[in-house]
Amino acid sequence: MDFDFTDEQKMMRDGLSRLIAQKYTFEDRHKAVASKTGWRPDLWAEFAEMGLMMAPLPEEMGGLSGDAIDAMIIMEEFGKGLVIEPYLQSVICAGSLIRNAGNDTQKAELGEKITSGEAIFAPAIYEAEGRFNPAFVATSAKKNGSDYLLNGNKAVVFGGPMSDSFIVSARASGATSDETGISLFVVNKDQTGLTTQNYTTVDGLQASELFLEDVAVSGASVLGEVGGAFAHIEQMRDHAIAAICAEAVGLMTVANAQTIEYAKTRKQFGVPISSFQVLQHAMVNMLIALEEAKSMALLAAIECAGDDAKARAKACAAAKVKIGQSARIIGQNAIQIHGGMGMTNELAISHYFKRLTMIDAQFGNVDYHMRRYGEMD
Amino acid sequence: MKLTFTPEEIAFRDEIRAFIEQNYPQNLKGVGDREDLTKEDYLSWHRILGAKGWSTPAWPVEYGGPGWHATQKYIFGEELARAETVPVLPFGVNMVAPVIYTFGTPEQKARFLPAIQKGEEWWCQGYSEPGAGSDLAGLSTKAVRDGDFYIVNGQKTWTTLAQHADWGFFLVRTNSDCKPQEGISFLLIDMKSPGVEVRPIITMDGAHEVNEVWLTDVKVPVANRVFEENKGWTCAKFLLAHERTGIAQVARSKMGLKKLKKLATETISEGLPLAKDRDFKHKLSELEIDLRALEITELRVLANEQKGKGPGAESSILKINGSVIQQRITELFLEAVGPYGAPNPRAYKAEGGNFAIGPQGAPMAALNYFNVRKTSIFGGSNEIQRNIIAKLVLGL
Chain A
0 MDFDFTDEQK MMRDGLSRLI AQKYTFEDRH KAVASKTGWR PDLWAEFAEM
50 GLMMAPLPEE MGGLSGDAID AMIIMEEFGK GLVIEPYLQS VICAGSLIRN
100 AGNDTQKAEL GEKITSGEAI FAPAIYEAEG RFNPAFVATS AKKNGSDYLL
150 NGNKAVVFGG PMSDSFIVSA RASGATSDET GISLFVVNKD QTGLTTQNYT
200 TVDGLQASEL FLEDVAVSGA SVLGEVGGAF AHIEQMRDHA IAAICAEAVG
250 LMTVANAQTI EYAKTRKQFG VPISSFQVLQ HAMVNMLIAL EEAKSMALLA
300 AIECAGDDAK ARAKACAAAK VKIGQSARII GQNAIQIHGG MGMTNELAIS
350 HYFKRLTMID AQFGNVDYHM RRYGEMD
Chain B
0 MKLTFTPEEI AFRDEIRAFI EQNYPQNLKG VGDREDLTKE DYLSWHRILG
50 AKGWSTPAWP VEYGGPGWHA TQKYIFGEEL ARAETVPVLP FGVNMVAPVI
100 YTFGTPEQKA RFLPAIQKGE EWWCQGYSEP GAGSDLAGLS TKAVRDGDFY
150 IVNGQKTWTT LAQHADWGFF LVRTNSDCKP QEGISFLLID MKSPGVEVRP
200 IITMDGAHEV NEVWLTDVKV PVANRVFEEN KGWTCAKFLL AHERTGIAQV
250 ARSKMGLKKL KKLATETISE GLPLAKDRDF KHKLSELEID LRALEITELR
300 VLANEQKGKG PGAESSILKI NGSVIQQRIT ELFLEAVGPY GAPNPRAYKA
350 EGGNFAIGPQ GAPMAALNYF NVRKTSIFGG SNEIQRNIIA KLVLGL
């Protein structure tokens with residue numbers, strides 16, 4: 000049994016933690032969210048310089064051959080700092096798809112762009128009517144000579160506004176919810192026929208709706224086998240879940256610490272409110288929820304770093320369930336214990352609460368993964 | 000024992016329904032209660048009801064109430080919620096007015112009640128302070144007597160819609176050398192008085208609903224004190240009990256649940272309506288059962304009230320369960336819209352985006368969920384309500 004990080008991992012974690020403390024204060028983040036671009040390209044460049052984009056990706060993509068444990072360490076720090084940059088989309092998700100589905104040229108060329116941080120990729124997998132099911136693909140891919148013509152819409156593509164390219168799932172054959180018949184295409188942002196509707200999300204991120212109308216992509220932009228992408232998408236989802244669970248753990252860690260600190264300093268009836276048993280128990284429940292979430296996030300990362308696909312899927316479904324439940328307990332109690340102050344936009348705690356709340360609907364919510372888990376044996 | 004309406008009550012319901020249909024302002028149809036409404040939006044409907052004599056269902060007839068019994072009041076509330084009207088705000092009608100007609104002088108009654116009834120003056124509540132939230136009696140805003148005036152200094156907070164207020168009712172400290180509860184007075188303050196400053200507080204949903212109210216050497220005529228000096232806590236407690244009943248929002252929650260069910264039938268999840276999803280259906284049923292239990296409990300409280308037993312500590316039960324149900328409705332709304340909870344309509348509207356993203360019902364789902372976290376905090380937090388029940392009902 001070994002739950003310890005390597006010295007390199009600890010160094011990376013501490014370096015990132017310092018960078019965020021220095022250059023990514025709550026006020027900095029607030030400004031970035033409200034700015035025209037809605038993110039921090041300067042910090043993105045610093046993350047790249049630190050090697051964060053390389054950390055979890057293999058050598059043939061220009062990476063450092065790390066794994067989901069490295070991703071977990073990074074995402075947890077991002078959670079603590081409420082980081083809004085699209086690392087999850089570009090490095091974890093697109094990185095996973097290219098690593099598993101890409102050919103050698105794609106791995107080298109696209110991988111270089113990701114690991115250097117010079118380009119941003121976003122997965123465009125989900126559709127409005129499919130809700131959380133990535134096999135629900137109504138977007139069509141029709142063969143047209145050596146090209147493909149893509150038609151359809153993609154929903155809530157996080158990181159869309161700052162992405163240079165999208166990895167779009169589209170169907171060449173089969174019925175709308177079939178797992179077979181799905182292919183992946185690399186679509187550049189400026190491609191004719193692709194329009195986007197960009198927006199800020201309630202938790203300060205950037206996302207887009209994608210509309211594809213006769214978007215012509217060459218055969219060279221197909222990622223992996225035509226019609227055989229679903230397994231890659233599933234694997235991407237599991238890695239994304241492990242990563243987002245780590246982000247949630249970071250968020251919960253800070254939310255708990257801030258709540259305890261507030262309760263110790265806020266006085267009512269002449270005493271700190273932390274002396275009231277009802278609030279003590281609420282904070283104990285928050286701690287238990289955090290510890291459970293930590294355990295499950297760790298399990299998900301360990302299974303993602305391993306090579307047993309079944310164990311990985313089961314661990315990730317379970318982790319997403321637990322994280323959703325813990326996030327609700329911690330988020331709601333954090334606001335309740337902060338009282339009116341917790342309701343304000345001015346305090347960081349409400350922003351931790353908002354991000355924690357919204358994570359549930361990314362990559363499938365509690366109900367979805369509970370059902371998925373139950374169907375796995 | 001019966002829960003059905005008599006023919007008279009059904010006729011009453013039809014009369015209310017027809018009146019709303021014919022008189023509710025066209026421009027406010029479908030607005031619901033969570034968009035950014037202007038002062039005029041709120042007051043226009045209040046004035047229409049006021050002219051009809053229906054803006055103050057709970058008031059005694061002598062002050063302008065319609066003389067309805069509990070069932071009629073219940074029916075009236077149901078019909079307003081059913082039509083999704085803009086609410087008549089409680090600060091004047093249900094909060095300060097009962098204090099004025101119970102504890103006020105004849106002059107105060109004559110001066111203030113008609114304007115509240117007609118919707119001519121907007122009231123706000125100056126209770127909480129930065130240092131006095133759950134511990135309301137710990138308030139420190141000071142009023143010092145100077146001839147026929149009080150000079151008031153201090154700061155109030157979480158003052159809902161004070162940006163529109165003409166008048167405010169304030170709890171102020173008039174004596175510091177006694178038990179905190181025994182040195183508080185209840186003052187009516189003209190919000191246009193020199194020294195009153197309202198500063199916005201933006202809540203996490205991006206709304207400007209609450210404010211800080213700063214009072215600097217504000218001159219308040221002694222004639223605007225309600226009840227005796229240092230006896231304001233009596234008024235404060237009386238008012239809070241009234242506030243708590245209204246806070247349950249049963250009729251509005253029923254409407255919310257109805258909309259939620261509609262959304263669930265319209266939201267397609269993996270090709271099927273979400274309403275067919277067993278897990279989601281289970282949660283809807285659970286919510287509906289809890290709401291039904293709350294509704295009947297509220298009716299029992301109303302029936303007691305009709306027999307002259309004023310709202311007591313039981314109103315704390317209504318506050319706790321009513322607030323939690325409001326929160327759960329928005330929680331399920333957010334769950335129902337799934338990924339489409341994410342887009343922030345305030346942000347894309349501010350940038351001039353004149354579009355809605357996602358299915359109908361989605362745009363406000365997350366913001367409403369964030370906003371109603373307040374219901375278990377305000378009006379006496381749910382922890383405080385449990386303390387009240389433990390002490391006054393269980394005698395612990």
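Read top to bottom, the protein sequences are chains A and B.
For the first sequence, position 121 matches number 120 in numbering that gives the first Met the number 0, and the numbering has no gaps at all.
For the second sequence, position 315 matches number 314 in numbering that gives the first Met the number 0, and the numbering has no gaps at all.
Glycine included, each C-beta is placed from N, C-alpha and C at the ideal position.
Asked	Found
Going along the region 362–380 of chain B in order, which residues come within less than 8 Å of chain A, judged by CB to CB distance?	Ala365, Leu366, Tyr368, Phe369, Arg372, Lys373, Ser375, Ile376, Phe377, Ser380
Quick check: is the beta carbon of B/Asp32 nearer than 8 Å to any beta carbon in chain A?	Its pLDDT being 46, under 50, B/Asp32 is placed unreliably in this model, and the value from its coordinates should be taken loosely. Cβ-Cβ to chain A under 8 Å: no for B/Asp32.
Can you check whether the C-beta of A/Val155 is within less than 8 Å of a C-beta belonging to chain B?	yes
Name, in chain order, the residues that DSSP records as bridge partners for A/Thr195.	A/Leu209
Per DSSP, what are the beta-bridge partners of A/Asn152 in this structure?	A/Phe210
Please report the distance separating the alpha-carbon of A/Ser162 from that of A/Ala20.	26 Å
Indicate whether at least one CB of chain A lies closer than 8 Å to the CB of B/Ser322.	no
Could you give the residue range of the beta strand (DSSP E) that holds B/Gly153?	148–155
In the DSSP assignment, find the beta strand (DSSP E) that holds B/Asp289 and state where it starts and stops.	Looking at the DSSP string, B/Asp289 is not in any beta strand (DSSP E); the run it does join, the alpha helix (DSSP H), is 277–305.
Against chain B, does A/Met282 count as a neighbour if the rule is that its beta carbon must be under 8 Å from one of theirs?	no
Going by other Cβ atoms of all chains shown within 10 Å of its Cβ, with 16 needed for buried, is B/Leu393 buried or exposed?	exposed
Quick check on A/Thr36: does DSSP put it in helix, strand or coil?	coil
Report the rounded CA-to-CA distance for B/Asp32 versus A/Phe229, giving the unit in angstroms.	The predicted position of B/Asp32 is uncertain, since its pLDDT is 46 and thus under 50; no value can be drawn from it.
Please report how far the alpha carbon of B/Gln384 lies from the alpha carbon of B/Ala164, in whole angstroms.	28 Å
Give me the DSSP bridge partner(s) of B/Pro342.	A/Thr200
Can you list, in chain order, the residues of the region 120–131 of chain A whose Cβ is nearer than 9 Å to any Cβ on chain B?	Tyr125, Ala127, Glu128, Gly129, Arg130, Phe131
Does DSSP classify B/Asp32 as helix, strand or coil?	Its pLDDT being 46, under 50, B/Asp32 is placed unreliably in this model, and the coordinates cannot settle the point.
Which chain A residues sit within Cβ distance under 8 Å of B/Gly337?	Arg130, Phe131, Ala360, Asn364
Taking C-beta pairs closer than 7 Å, name the residues in chain B that A/Ser349 reaches, listed in chain order.	Met203
Using a Cβ-Cβ distance cut-off of 8 Å, determine whether A/Phe165 contacts chain B.	no
May I have the straight-line CA-CA distance separating B/Lys282 from A/Gln361, to the nearest angstrom?	21 Å
In angstroms, rounded to a whole number, what distance separates the CA positions of A/Ile334 and B/Trp157?	15 Å
For A/Lys309, which residues in the same chain have their Cβ closer than 8 Å to its Cβ, ignoring the five residues on either side in sequence?	Met375
Only counting the same chain, and skipping five residues up and downstream in sequence, which positions put a Cβ closer than 6 Å to that of B/Thr329?	Asn367, Tyr368, Val371
Using the rule of at least 16 other Cβ atoms within 10 Å of the residue's Cβ for burial, across every protein chain shown, is A/Gly373 buried or exposed?	exposed
So B/His163 is in the alpha helix (DSSP H); what residue range does that whole segment cover?	It is not in any alpha helix (DSSP H) - B/His163 carries neither H nor E in the DSSP assignment.
Within 8 Å of any Cβ in chain B, is that where the Cβ of A/Phe382 sits?	An answer regarding residue 382 of chain A cannot be provided, because it is not within the stretch 0 to 376 covered by chain A.
Contact between the region 83–92 of chain B and the region 61–72 of chain B is defined here as three or more beta-carbon pairs at a separation below 8 Å; is this criterion met?	no
Just the C-alpha distance for B/Met363 and B/Pro342, rounded to the nearest angstrom, thanks.	9 Å
Enumerate in chain order the residues of its own chain whose CB-to-CB distance from B/Tyr100 is below 8 Å, with the five nearest sequence positions on each side excluded.	Trp58, Pro59, Tyr62, Lys108, Leu112
Can you give the beta carbon distance from B/Phe168 to B/Trp122, rounded, assuming they're within the 8 Å contact cut?	7 Å
Do you know offhand how far B/Leu290's Cα is from B/Asn320's?	8 Å
Hey, would you say B/Gly137 sits closer than 8 Å to B/Pro105, going by beta carbons?	no
What residues of chain A sit near B/Ile200, judged by a beta carbon separation below 7 Å?	Thr343
Taking the CB atoms as reference points, tell me whether B/Gly406 and B/Val225 lie closer together than 8 Å.	There is no way to answer for residue 406 of chain B, as the model of chain B reaches only from 0 to 395.
A/Ala206 touches chain B at which residues, Cβ-Cβ below 8 Å?	Ala341, Pro342
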